[in-house]
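Working notes, structure below.
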Amino acid sequence: MPHTDPTHPVTAALARARSAEQPTAGPPCSQASQLSQRPRPPGPSAPLPPDLDRILRLSLAAGPDRPDGRLRPVPSAGALHPVDAHLLVGPGSALPAGRYAYHPLTHRIHRRGPAPSPVPAGTLAVLTATVGPTVAHYGHRAWPLLLLDIGHAAAALALAGSPAACLDAPGDLLAAAARLDGADGLPLAAVRMTADCPPDALTQWAAPDPAHGAPPTGPTGPSTLDSGTPDTAESATTRRLLAALGPAAGTRHHWHPTPPVDAPDTVLLTRRSARPDLLLGTPDERQLIALLTAAAAGHPRGPSWCVATGGTRPALLRLGDHGRLDLLASGDARPTLAIWAAHQEWIATTGAVLLAHGCPDDAPPERVRALHHTAGYAVGFAQLTAATLGLPSRPIGSWQRADLGAAIGREPGRDWVLHGLAIGRRPDERHEGDDDPS
Ligand SMILES: Cc1cc2nc3c(=O)[nH]c(=O)nc-3n(C[C@H](O)[C@H](O)[C@H](O)COP(=O)(O)O)c2cc1C
Numbered sequence: 222m223p224h225t226d227p228t229h230p231v232t233a234a235l236a237r238a239r240s241a242e243q244p245t246a247g248p249p250c251s252q253a254s255q256l257s258q259r260p261r262p263p264g265p266s267a268p269l270p271p272d273l274d275r276i277l278r279l280s281l282a283a284g285p286d287r288p289d290g291r292l293r294p295v296p297s298a299g300a301l302h303p304v305d306a307h308l309l310v311g312p313g314s315a316l317p318a319g320r321y322a323y324h325p326l327t328h329r330i331h332r333r334g335p336a337p338s339p340v341p342a343g344t345l346a347v348l349t350a351t352v353g354p355t356v357a358h359y360g361h362r363a364w365p366l367l368l369l370d371i372g373h374a375a376a377a378l379a380l381a382g383s384p385a386a387c388l389d390a391p392g393d394l395l396a397a398a399a400r401l402d403g404a405d406g407l408p409l410a411a412v413r414m415t416a417d418c419p420p421d422a423l424t425q426w427a428a429p430d431p432a433h434g435a436p437p438t439g440p441t442g443p444s445t446l447d448s449g450t451p452d453t454a455e456s457a458t459t460r461r462l463l464a465a466l467g468p469a470a471g472t473r474h475h476w477h478p479t480p481p482v483d484a485p486d487t488v489l490l491t492r493r494s495a496r497p498d499l500l501l502g503t504p505d506e507r508q509l510i511a512l513l514t515a516a517a518a519g520h521p522r523g524p525s526w527c528v529a530t531g532g533t534r535p536a537l538l539r540l541g542d543h544g545r546l547d548l549l550a551s552g553d554a555r556p557t558l559a560i561w562a563a564h565q566e567w568i569a570t571t572g573a574v575l576l577a578h579g580c581p582d583d584a585p586p587e588r589v590r591a592l593h594h595t596a597g598y599a600v601g602f603a604q605l606t607a608a609t610l611g612l613p614s615r616p617i618g619s620w621q622r623a624d625l626g627a628a629i630g631r632e633p634g635r636d637w638v639l640h641g642l643a644i645g646r647r648p649d650e651r652h653e654g655d656d657d658p659s
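For what it's worth, the numbering used here labels the leading residue of the sequence shown as 222, then goes sequentially.
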């Protein structure tokens, strides 16, 4: 069945996630405890060597020693933190070559198995998503959020120093490289942790090992890592859907070098999503241009970007070719955005909302996955830019009936909101009359 058929499973799931249908209440799931309940991976554990220690401490680590409890440096929809990292360590590291699972609570790695022979240089991380808690909270709206969360996790690793990310690798390649099975989350992306990885490192790690038989074809059944949450029909559907969104086996994957980052470790470590009541006041023109530029530069195959502003002349603005703000539409889009974003009323008065948009109704499955990953990835970069400009911000992930194209008079069904970043301006930086970027 072609993906342009509205009954194709991916096309139908996309339409459902974007519809007004409310998720049915799932089994109880304590958001605060999701990270603290993360099962300890099996296998002997070891501390991380300094280069990996720094990158993971500034991105995915969580633990009681963090000043804010068990949150991570990376944001996550509903603070559910579904992303885990599996490290593929080759020659050049202080660790013996092999496959390892990273445990965010102890910030240690657990040996899972040997490296292939021959083993490529450098260290990679394969990122997996555990779907149970996010599905328990968001139901049929969970899967786009899981894809966005993977993008944010890849961005957090990139911002902390990993040199390149791969957001379009087939799931079976990632699963074979990390030797994942039904006990692991779904593999959705990879990052280079060190610069010396060859371009075909994933393929080399995925090669069959004659001593240990063929690599597994990947996680298919219920994940035991999801065991903190009862398995439901919705989580099984979500896992199948996420697997179906991956590119076909053998499809070429791409490594995207990390754009230049200039942020002190303390900014990465202390980044937080601001409380909605601190997101008032519209950023000025220079700040909006910096945010749109950071989002667009985040990933070359990403979605389109615009920003909805408040102030005295509210408007929808985009970055023009000449590097200045172009008017996409005049008027205040924020009250509509508040309704589209699951009726989060605070959005109607927030200073500005950066919007990732695109992904038409009939987008091919692998493009749906890539656009959500790259939207999360690029919003990660935009959120760091906001932090370095001293602007409070907060990601916005659930969007229903958010047909931005139709709302500004274009063809319906072609240009949907995928992700957002609400941005404010600290009260001490706001001055009478200077919040109008139009
Ligand atoms: C993909 C994604 C979607 C999110 N969606 C929303 C949202 O719709 N509304 C909201 O208030 N916060 C949203 N957040 C922010 C999270 O609630 C926040 O990251 C989480 O509570 C952890 O807090 P921290 O970012 O301060 O570490 C989102 C975050 C991510 C990464």
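The beta-carbon is built from N, C-alpha and C at its ideal position, and this holds for glycine as well.
1. Cβ-heavy atom distance between Pro325 and ligand 1 below 7 Å?
2. Would you call the CB atoms of Ala346 and Ala397 closer than 8 Å?
3. Mapping the DSSP letters down to three states, classify Ile629 as helix, strand or coil.
4. So what does DSSP say about His328, is it helix, strand or coil?
5. Using the Cα positions of Ala342 and Thr225, report the straight-line distance between them to the nearest angstrom.
6. Quick check: the stretch 567-582 against the stretch 597-604, are at least 3 beta-carbon pairs closer than 8 Å?
7. Suppose you measure from the CA of Ala470 to the CA of Asp389; what does that come to, to the nearest Å?
8. Is any heavy atom of ligand 1 found at a distance shorter than 7 Å from the C-beta of Asp498?
9. Using 8 Å for Cβ pairs, my map puts Ala298 next to Leu369. What's the rounded Cβ distance?
10. If we cut at 8 Å on Cβ distances, does Pro335 have a partner in chain C?
11. With respect to 7 Å, is the separation between the Cβ of Leu281 and the closest non-hydrogen atom of ligand 1 below this value?
12. What does the alpha-carbon distance come out to for the pair Leu612 and Pro504?
13. Excluding sequence positions up to five away, which residues of its chain have a Cβ less than 6 Å from the Cβ of Ala253?
14. Buried or exposed, going by whether 16 or more other CB atoms sit within 10 Å of the CB of His594?
15. Would you say Pro384 and Thr479 are within 8 Å of each other, going by their C-beta atoms?
16. From the DSSP output, in three-state form, read off Thr479 for me.
17. Three-state secondary structure (DSSP) at Ala350?
18. Following the continuous beta strand (DSSP E) through Pro616, name the residue where it begins and the one where it ends.
19. Check Asp430 in the structure and name its three-state DSSP category.
20. Under 8 Å Cβ to Cβ from Asp655, same chain only, skipping five residues before and after it: list those, please.
21. Does DSSP put Ala563 in a helix, in a strand, or in coil?
22. At what residues does the beta strand (DSSP E) containing Asp413 begin and finish?
23. Take Arg545 as the anchor and find which of Ile510, Ile568, Leu269, Ala573 has the nearest alpha-carbon.
24. Please name the residue, chosen from Leu549, Arg278, Ser314, Ala377, that lies closest to Arg631 on a Cα-to-Cα basis.
25. Kindly list the residues whose CB is nearer than 7 Å to the CB of Thr557, restricted to its own chain and excluding five residues on each side of it in sequence; keep chain order.
26. Listed in chain order, which residues are found with a beta carbon closer than 7 Å to a heavy atom of ligand 1?
27. Using the three-state DSSP reduction, which class does Arg460 fall into: helix, strand or coil?
28. Pick helix, strand or coil for Asp624, following the three-state DSSP scheme.
29. Determine whether the beta carbon atoms of Leu423 and Ala411 lie at a separation below 8 Å.
30. Cα-Cα, which of Thr344, Pro325, Val589, Leu409 is closest to Trp637?
31. Quick one, are the C-beta atoms of Val379 and Leu281 less than 8 Å apart?
32. Keeping to the same chain, check which residues put their C-beta closer than 8 Å to that of Arg196; ignore five residues upstream and five downstream.
So, from the listed chains and residues:
1. Residue numbering aside, residue 325 sits at position 104 when the sequence shown is read from its first letter. With a cutoff of 7 Å, Pro325 does not count as near ligand 1, since its C-beta is closer than that to no heavy atom of the ligand.
2. Locating residue 346 in the sequence shown gives position 125, counting from the first residue. Locating residue 397 in the sequence shown gives position 176, counting from the first residue. Contact: no.
3. Start at 1 with the first residue of the sequence shown, and residue 629 comes out as number 408. Looking at Ile629 - three-state DSSP - the assignment turns out to be coil, as it is neither helix nor strand.
4. The residue you call residue 328 lines up with position 107 of the sequence shown. Reduced to three states, the DSSP call for His328 is coil.
5. Counting from 1 along the sequence shown, the entry for residue 342 is found at position 121. Counting from 1 along the sequence shown, the entry for residue 225 is found at position 4. Ala342 and Thr225 have their C-alpha atoms spaced approximately 42 Å apart.
6. Put simply, the stretch 597-604 touches the stretch 567-582. At least three CB pairs are less than 8 Å apart.
7. Residue 470 sits at position 249 when you count from the first residue of the sequence shown. Residue 389 sits at position 168 when you count from the first residue of the sequence shown. Their Cα atoms are separated by approximately 11 Å.
8. Here residue 498 refers to the residue found at position 277 of the sequence shown. No - ligand 1 has no heavy atom lying nearer than 7 Å to the Cβ of Asp498.
9. In the sequence shown, residue 298 corresponds to position 77, counting from 1. In the sequence shown, residue 369 corresponds to position 148, counting from 1. Ala298 to Leu369, Cβ: 7 Å. Contact.
10. Note that chain C does not occur in the displayed structure, where there is just one protein chain.
11. Position 60 of the sequence shown, counting from 1, holds the residue named residue 281. No, the Cβ of Leu281 stays beyond 7 Å of every heavy atom of ligand 1.
12. Mapped onto the sequence shown, residue 612 falls at position 391. Mapped onto the sequence shown, residue 504 falls at position 283. Leu612 and Pro504 have their C-alpha atoms spaced approximately 8 Å apart.
13. Here the question's residue 253 lines up with position 32 in the sequence shown. Caution is warranted here: a pLDDT of 47 is assigned to Ala253, below 50, making its placement in the model unreliable, and no coordinate value can be reported.
14. As a first step, residue 594 must be located in the sequence shown, where it is residue number 373. In summary, His594 is buried, with 16 or more beta-carbon neighbours lying within 10 Å of its beta-carbon over all protein chains present.
15. Position 163 of the sequence shown, counted from the first residue, corresponds to residue 384. Position 258 of the sequence shown, counted from the first residue, corresponds to residue 479. Between Pro384 and Thr479, the CB-CB gap stays under 8 Å.
16. Walking along the sequence shown from the start, residue 479 turns up at place 258. In the structure shown, Thr479 sits in coil (DSSP, three-state: anything other than H, G, I, E or B).
17. Along the sequence shown, one-based indexing puts residue 350 at 129. Strand, per DSSP.
18. Indexing the sequence shown from 1 puts residue 616 at position 395. It spans 614-617 - the beta strand (DSSP E) in which Pro616 sits, taken as one unbroken run.
19. Indexing the sequence shown from 1 puts residue 430 at position 209. Strand at Asp430.
20. Looking up residue 655 in the sequence shown gives position 434. Note that Asp655 scores 49 on pLDDT, short of 50, meaning its location in the model is unreliable and no value can be drawn from it.
21. By one-based count along the sequence shown, residue 563 stands at place 342. When DSSP states are grouped into helix, strand and coil, Ala563 belongs to the coil group.
22. For the purposes of this step, residue 413 is taken as residue 192 along the sequence shown, with counting starting at 1. Per the sequence shown, residue 413 should be read as Arg rather than Asp. Where Arg413 is concerned, the enclosing beta strand (DSSP E) stretches over 407-413.
23. Taking the sequence shown and counting its residues from 1, one reaches residue 545 at position 324. For Arg545, the closest of Ile510, Ile568, Leu269, Ala573 by C-alpha to C-alpha distance is Ile510.
24. Taking the first residue of the sequence shown as 1, we reach residue 631 at position 410. Selected option, being the one with the closest Cα: Leu549.
25. Position 336 of the sequence shown holds residue 557. In the same chain as Thr557, and ignoring 5 residues on each side of it, the C-beta atoms closer than 7 Å to its own belong to Ala628, in chain order.
26. Any heavy atom of ligand 1 within less than 7 Å of a residue's beta carbon puts that residue on the list, which reads Leu292, Arg293, Pro296, Ser297, Ala298, Gly299, Ala300, Leu366, Leu369, Asp370, His373, Arg493, Ser494, Pro497, Ala562, Ala563, Gln565, Gly597, Arg615, Pro616, Ile617, Gly618, Ser619, His640.
27. Residue mapping note: residue 460 aligns to position 239 of the sequence shown, counting from 1. Arg460 falls in the helix class under three-state DSSP.
28. In the sequence shown, residue 624 corresponds to position 403, counting from 1. Asp624: strand per DSSP, three-state reduction.
29. For the purposes of this step, residue 423 is identified with residue 202 of the sequence shown, where counting begins at 1. For the purposes of this step, residue 411 is identified with residue 190 of the sequence shown, where counting begins at 1. In terms of Cβ geometry, Leu423 and Ala411 form a close pair [threshold 8 Å].
30. Mapped onto the sequence shown, residue 637 falls at position 416. Ranking Thr344, Pro325, Val589, Leu409 by Cα distance to Trp637 puts Val589 first.
31. As a first step, residue 379 must be located in the sequence shown, where it is residue number 158. As a first step, residue 281 must be located in the sequence shown, where it is residue number 60. According to the sequence shown, residue 379 is Ala rather than Val. Contact check for Ala379 against Leu281 fails: the beta carbons are separated by 8 Å or more.
32. Absent from the structure is residue 196, since the part of the chain shown begins at 222 and ends at 659.
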